[in-house]
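*Asks:*
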Amino acid sequence: MFKLLKYLKGYKLQLTIGPACKLLEAIFELIVPLVMADIIDVGVKNGDGGYVLRMGGVMVLLGAVGLCSALVCQKSASIASQGSGTKLRNELFHHINTLSFAEIDKIGTPSLITRMTNDINQLQYAVAMLIRLVIRAPFLVVGAMIMATTINLKLSLIFFAAAPLIALVLYFIMSRSVPLFKLIQKRLDRLSLISREGLSGARVIRAFHKEDKEQERFNKANEELAKTAQNVGVLSALLSPLTYAITNLAIVAIVWFGGSLVDTGELQTGEIIALVSYMTQILLAMVVVANLVVTFTKASASAARVNEVFELEPSIKSGSDSELALRNGGDFIEFENVSFGYGGGDVLKNISFTVKKGETIGVIGTTGSGKSTLVNLIPRYYDVTDGRVSVGGNDVKSYPLSQLRRLCSVVMQKAVLFSGTIESNLKWGKKDASVEDMNRALEIAQAKEFVDKLPNGIETPVTQGGKNFSGGQKQRLTIARAIIANAPILILDDSASTLDFATDYALRKSIKNSTDGATVFIVSQRVATVKDADRILVLKDGRLVGNGVHSQLFEQCEEYREICLSQLSAEEVQAQ
Amino acid sequence: MNKGVVKRILIYTAKYKRYLVGAFVFAIVSVCLTLLGPVLVGYAIDYIIGKGNVDFGSVGRILVGLIFSTAGVALFQWLMSLCINRVSYYTVRDMRIDAYKKLSNVPLSYIDTNAHGDIISRIINDIDAVGDGLLQGVTQLFSGVITIVGTLGFMVAINFKIALVVVFVTPLSLFVAAGIAKLSAKMFSKQQRTQGEISGFVEEMIGNQKVVSSFSMEEQNEQEFRRINDELYVCGKNAQFASSLANPSTRFVNGIVYAAVGVIGALSAIAGGLSVGQISCFLTYANQYTKPFNEVTGVISQIQTAIAGGARLFELMDSPDKTPDSENAKPLENVKGNIEFNNVSFSYTADRPLIKDFNLKVKQGQRVAIVGPTGCGKTTLINLLMRFYDVCSGEIKIDGQPVQSFTTDSIRQSFGMVLQESWLFNGTVRENIAYGKEDATDEEIIAAAKAAYAHSFIMHLPNGYDTVITEDGGNLSQGQNQLLCIARVMLSNPPMLILDEATSSIDTLTEQRVQLAFNKMMQGKTSFVVAHRLSTIKEADIILVMKDGNVIEQGKHAELLAEGGFYAELYNSQFAKS
Chain A
227 MFKLLKYLKG
237 YKLQLTIGPA
247 CKLLEAIFEL
257 IVPLVMADII
267 DVGVKNGDGG
277 YVLRMGGVMV
287 LLGAVGLCSA
297 LVCQKSASIA
307 SQGSGTKLRN
317 ELFHHINTLS
327 FAEIDKIGTP
337 SLITRMTNDI
347 NQLQYAVAML
357 IRLVIRAPFL
367 VVGAMIMATT
377 INLKLSLIFF
387 AAAPLIALVL
397 YFIMSRSVPL
407 FKLIQKRLDR
417 LSLISREGLS
427 GARVIRAFHK
437 EDKEQERFNK
447 ANEELAKTAQ
457 NVGVLSALLS
467 PLTYAITNLA
477 IVAIVWFGGS
487 LVDTGELQTG
497 EIIALVSYMT
507 QILLAMVVVA
517 NLVVTFTKAS
527 ASAARVNEVF
537 ELEPSIKSGS
547 DSELALRNGG
557 DFIEFENVSF
567 GYGGGDVLKN
577 ISFTVKKGET
587 IGVIGTTGSG
597 KSTLVNLIPR
607 YYDVTDGRVS
617 VGGNDVKSYP
627 LSQLRRLCSV
637 VMQKAVLFSG
647 TIESNLKWGK
657 KDASVEDMNR
667 ALEIAQAKEF
677 VDKLPNGIET
687 PVTQGGKNFS
697 GGQKQRLTIA
707 RAIIANAPIL
717 ILDDSASTLD
727 FATDYALRKS
737 IKNSTDGATV
747 FIVSQRVATV
757 KDADRILVLK
767 DGRLVGNGVH
777 SQLFEQCEEY
787 REICLSQLSA
797 EEVQAQ
Chain B
250 MNKGVVKRIL
260 IYTAKYKRYL
270 VGAFVFAIVS
280 VCLTLLGPVL
290 VGYAIDYIIG
300 KGNVDFGSVG
310 RILVGLIFST
320 AGVALFQWLM
330 SLCINRVSYY
340 TVRDMRIDAY
350 KKLSNVPLSY
360 IDTNAHGDII
370 SRIINDIDAV
380 GDGLLQGVTQ
390 LFSGVITIVG
400 TLGFMVAINF
410 KIALVVVFVT
420 PLSLFVAAGI
430 AKLSAKMFSK
440 QQRTQGEISG
450 FVEEMIGNQK
460 VVSSFSMEEQ
470 NEQEFRRIND
480 ELYVCGKNAQ
490 FASSLANPST
500 RFVNGIVYAA
510 VGVIGALSAI
520 AGGLSVGQIS
530 CFLTYANQYT
540 KPFNEVTGVI
550 SQIQTAIAGG
560 ARLFELMDSP
570 DKTPDSENAK
580 PLENVKGNIE
590 FNNVSFSYTA
600 DRPLIKDFNL
610 KVKQGQRVAI
620 VGPTGCGKTT
630 LINLLMRFYD
640 VCSGEIKIDG
650 QPVQSFTTDS
660 IRQSFGMVLQ
670 ESWLFNGTVR
680 ENIAYGKEDA
690 TDEEIIAAAK
700 AAYAHSFIMH
710 LPNGYDTVIT
720 EDGGNLSQGQ
730 NQLLCIARVM
740 LSNPPMLILD
750 EATSSIDTLT
760 EQRVQLAFNK
770 MMQGKTSFVV
780 AHRLSTIKEA
790 DIILVMKDGN
800 VIEQGKHAEL
810 LAEGGFYAEL
820 YNSQFAKS
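Taken in order, these protein sequences are the chains called A and B.
Start counting the first sequence at 227; every next residue gets the next number (this note's numbering).
Start counting the second sequence at 250; every next residue gets the next number (this note's numbering).
#1: If you measure between the beta carbons of N591/B and G643/B, is that distance less than 7 Å?
#2: When the Cβ atoms of the segment 718 to 731 of chain A are set against those of the segment 679 to 693 of chain A, are three or more pairs found closer than 8 Å?
#3: When you compare only the Cα positions, how much space is there between D375/B and L352/B?
#4: Just the chain B side, please: which residues come within less than 7 Å of R631/A by C-beta, in chain order?
#5: So, helix, strand or coil for R508/A, using DSSP?
#6: Excluding sequence positions up to five away, which residues of its chain have a Cβ less than 8 Å from the Cβ of S568/B?
#7: When DSSP builds the beta bridges, which residues end up paired with Q803/B?
#8: Less than 7 Å between the C-beta atoms of L630/A and G596/A, yes or no?
#9: Quick one: is S330/B buried, meaning 16 or more other Cβ sit within 10 Å of its Cβ, or exposed?
#10: Beta carbons nearer than 7 Å to chain B: which residues of the segment 338 to 352 of chain A have them?
#11: Run through chain B and tell me which residues come within less than 7 Å of V771/A, C-beta to C-beta.
#12: Mark R358/A as exposed unless 16 or more other C-beta atoms lie within 10 angstroms of its C-beta, in which case mark it buried.
#13: Quick check on this structure: which residue in K699/B, L494/B, C332/B, S465/B has the alpha carbon closest to the alpha carbon of S304/A?
#14: In whole angstroms, what is the alpha-carbon distance linking M250/B and A560/B?
#15: Strictly by DSSP, which residues pair up with M745/B?
#16: Are the beta-carbon atoms belonging to V637/A and A708/A less than 7 Å from one another?
#17: For the alpha helix (DSSP H) containing V341/B, list its first residue and its last residue.
#18: Kindly confirm or deny that the segment 332 to 350 of chain A and the segment 450 to 461 of chain B touch, where touching means at least three C-beta pairs closer than 8 Å.
#19: Just to make sure I have the definition right: I need the residues of chain B whose C-beta is within less than 7 Å of the C-beta of F444/A. Which are they?
#20: Of all Cβ atoms in chain A, is any one closer than 7 Å to the Cβ of Y702/B?
#21: Please decide whether Q727/B counts as near chain A, where near means a Cβ-Cβ distance under 7 Å.
#22: So who's on the other strand from S616/A, going by DSSP bridges?
#23: Would a check of beta-carbon distances place P687/A closer than 7 Å to chain B?
#24: What residues match up with L765/A in a beta bridge as DSSP calls it?
#25: Mind checking whether T319/B and A471/A have CB atoms under 7 Å apart?
#26: Contact defined as beta carbons within less than 8 Å: I believe L538/A pairs with E317/A. What is the distance between those atoms, to the nearest angstrom?
#27: Looking at the structure shown, is G309/A part of a helix, part of a strand, or coil, going by DSSP?
#28: Name the one or two DSSP bridge partners that D719/A has.
#29: Between I559/A and the rest of its own chain, which residues show a CB-CB distance below 6 Å, the 5 nearest in sequence each way excluded?
#30: Sorted by chain position, which residues of the same chain lie with C-beta nearer than 6 Å to L581/B's C-beta, five sequence neighbours on each side aside?
#31: I'd like to know whether the C-beta of K303/B is nearer than 7 Å to at least one C-beta of chain A.
#32: Once you ignore the five residues that flank L391/A on each side, which residues in its own chain have a CB closer than 6 Å to its CB?
#33: For D678/A and D658/A, I'd like the C-alpha separation in whole angstroms.
#34: Would a C-beta distance cut-off of 7 Å place S635/A and A713/A closer than the cut-off?
#35: With 16 as the cutoff for other CB atoms within 10 Å, does L338/A come out buried or exposed?
#36: Out of F777/B, L710/B, V584/B, P573/B, which has the shortest C-alpha to C-alpha gap to A618/B?
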């Protein structure tokens, strides 16, 4: 939790003024009974009605000043807690953005969301409590103990016995509930995972009529959560009764031993009353402390979860801060003995090939042969486990990540659009894209026709995930988005899979004609899609088994021939 | 609106009346014993008069009584907390169950058009807020009310007149609190809304981080995030401050009550109507009486967050349900597979008509292939067939009966469906395959996996069929995901089949083999296949060529080629040279 304290740095003013004002209010509160004592001891005793009224006025004044200082404290608390929480959220979002996919997968998006919202809320609440109560409560406890020693040293021993006992209870409960709070968060994460799956799989669940089973799965996780929450409840419910019991037993001791002292003349009756009221004050303050402990226990569990994210180091970092110059001439992209695995076995093994600037490269192979992985290594979505990938004469690991990513424009297999409009989505590729730029990109991506038919054209709203567009429309929009970036390397990762042949064909043709000088990778399972590429790479089980043009590969590469024959009839192949 | 929300939250707690009553009874006992404590101490002190004048016998007896009452307070306070814990956690649990149930009852369009992050935030965060509010609110309310009633009784017993002063002045603090609550309620719901917006944004951007980073959009996203976050800061700060006004304000009012009691008491004492001891007793109780008002207002912000959360939850619960099955709907049984579309029109949004006057007759056992440019309504046709969406006009018939006369579930179960976007859940490979047939034996599961050509890659997974699939099938390739979905349908072996680009992520070699298995399975069954690979379409009984929501050509492969229309153009384009 202490690691996160730096987020409070900018709020030193609030952190001093807030508790100070609260302290002032507490002092005023302590003065009020003294004033009241004066009313009785002086006013009533002397029958002075004017004095009574004057002192009444003083009490109202004290209350008003107390109110003002309390308001200042509350204002400071809300500024500091919400402000530091906001800073923390910004920082966390920024940090998540620097992480690579492997790390994000490790924690999972739903959990990241709860950390960003719930956990930070919990921390904010703790900060507010810190400002409001953390000074006031100990002040009352310490004050009462000091007063007790000045009254009678022997009896104050009772105070010094009771206080550690209460502390022990606090420690006992806290040390047992912290792990449970963590468990609760885990269960909450599980619940949000199931909800998310229920939403994303709504079609399949309904098709199989599995609503009941999903409900059961949810209920089970829900029940576990309720049970754990219940267990924590049983523990924390012990806190206030135990502290109450300790204090009251201390009061019993004070009265009993105080009685003996009075009997021997060492103590006055009135002083027992004072000691009892100080003990009561300690109890009240301790209750506040107990609540604070619960708040901070929850907060420290939350802090640990937030820190867990902060502690994740991005596995892929920029090679340098300054941009690198690209070599002119020579091979533009080089794979030298590249191997790669996601953890277990190798997905790619000893792959070597070179690509010249402006070439169009087709990549084909069976499911799981490593096609996507291969092209993912160029923009460094993953790092090679062995060998070297270079672009423009430089190892991809030596580039600043932002430069490398700008060099590559990638269209993924899964078409993803973001909520906004078609225009705002296209501008992802180029921030200052003009209408002409956008129209041109849409035209190349074969999307212009359907976009033009929309009543609002490029201003048509896009809902989250682009659900208001069909799969093929989404794919073409994502292609347009990539084209508008006008990057020297364009990677189409099986991104035309839902397009029909006519559209696919028109798309390839227009990309070829309009992306002058760009190096294009087309990953596909369709022979027709890659057939006319300048060169075709054929993958099988992570190995490069073919590298050449269609006719040559059809003759020489068995794997390629098989794929061709599975898609086209023999005559169709021959006809080419 | 708030009243409605509170009432509905309370309805949820009604089921746990026993615990609520228990909590109430325990609260009465523990509060009464708590009030008794100072009285006992006072009595004990009365026996300690001065040097050599202490009645140890009486003091001892009273102190033993105090020990018992202390034990009682501790015990009953604990029991009360347990009861309230139970009520709030069970209520939270029930609300979650209902909220999740609601997700099965909303029309699919609700799920398609609302941000999932926002819906999840309602189920997780908002319900949590309701639970916290209940926990704190009920605890303070119970012990507060009882303390008020108890001390009021003592005060009336001592001096009726001054008790009246206290009773009339204290509600002032309630008015103040209510005013402040009203002010902050609005801010709280705004805060909650912004929080939902943040969740939605994070889900979208972090969930698709690969795309985000490929466009180097991190910085711009951070700016947008900062904007929403700043908004949250402003409304969070205001809401927190407004609600925290309540506590000091009521404390101020209480201070005035205290002063008033003191002044009036002192003046009556001067006039000779009250003893000094009674004044001090009164002051103690006046404090006692106003304290619970403080405590209640102290939890006001939590209660308001709870109400705002409840409002968002009930908003989800109140969204219209999907059209229920008609009362005399019967299950679809012994399906033959004759399907008819008569003058069907449909659009997702009123301003964008999609399918217009669509007609189609499919006979038992026929294979229907649907082809056409993207966005022409192929997938929509399947949404209608599965009744994920309902037609705007016209009707669809199965075996001569309108679909409305059958239960929706039985219709869906009669179709095996494999979609382009495969969906697997966080469970083992085995559980995912057996999704449609839970009682399947291992042999059946393996046979289905083999038929879908998934067996060999499954055996290569670290734990074979017991490998746990991470969220959204993250540890498998898209093609592998799809093969598992196909195995799932192979296993459930339904009377009709829908394949919506089912093999789009699978390589053609595997696809060919899977296709053979499909063919075998589909013998004599009606099937609908949306595909772009014309090689898989050639053998279809009917090819529907769709464009702009209409069927423009219909027939067998050879016929359509001979026609030389749009289909011929499509077919030939795949061999065109670029």
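The C-beta atom is built at its ideal place from N, Cα and C for all residues, glycine as well.
*Replies:* On the basis of the data shown:
#1: yes
#2: no
#3: 16 Å
#4: S462, S463, S465
#5: Sequence check: residue 508/A is Ile here, not Arg. I508/A falls in the helix class under three-state DSSP.
#6: K351, V355, Y359
#7: L793/B
#8: no
#9: buried
#10: L338, I339, T340, M342, T343, N344
#11: Correct list: empty, because the minimum Cβ distance to chain B is about 14 Å.
#12: buried
#13: L494/B
#14: Interpretation of M250/B is limited by its pLDDT of 48, a score under 50 that renders its predicted location unreliable; no figure is taken from the coordinates.
#15: F664/B, T775/B
#16: yes
#17: 305 to 354
#18: yes
#19: Y349
#20: no
#21: yes
#22: E560/A, D621/A
#23: no
#24: G591/A, L770/A
#25: yes
#26: The Cβ separation is near 13 Å, so there is no contact.
#27: helix
#28: V749/A
#29: V581, V617
#30: F655, S659, I660, S663
#31: The amino acid at residue 303/B is misidentified as Lys; the sequence shows Val. True, the Cβ-Cβ gap to chain A drops below 7 Å.
#32: I472
#33: 21 Å
#34: yes
#35: buried
#36: F777/B
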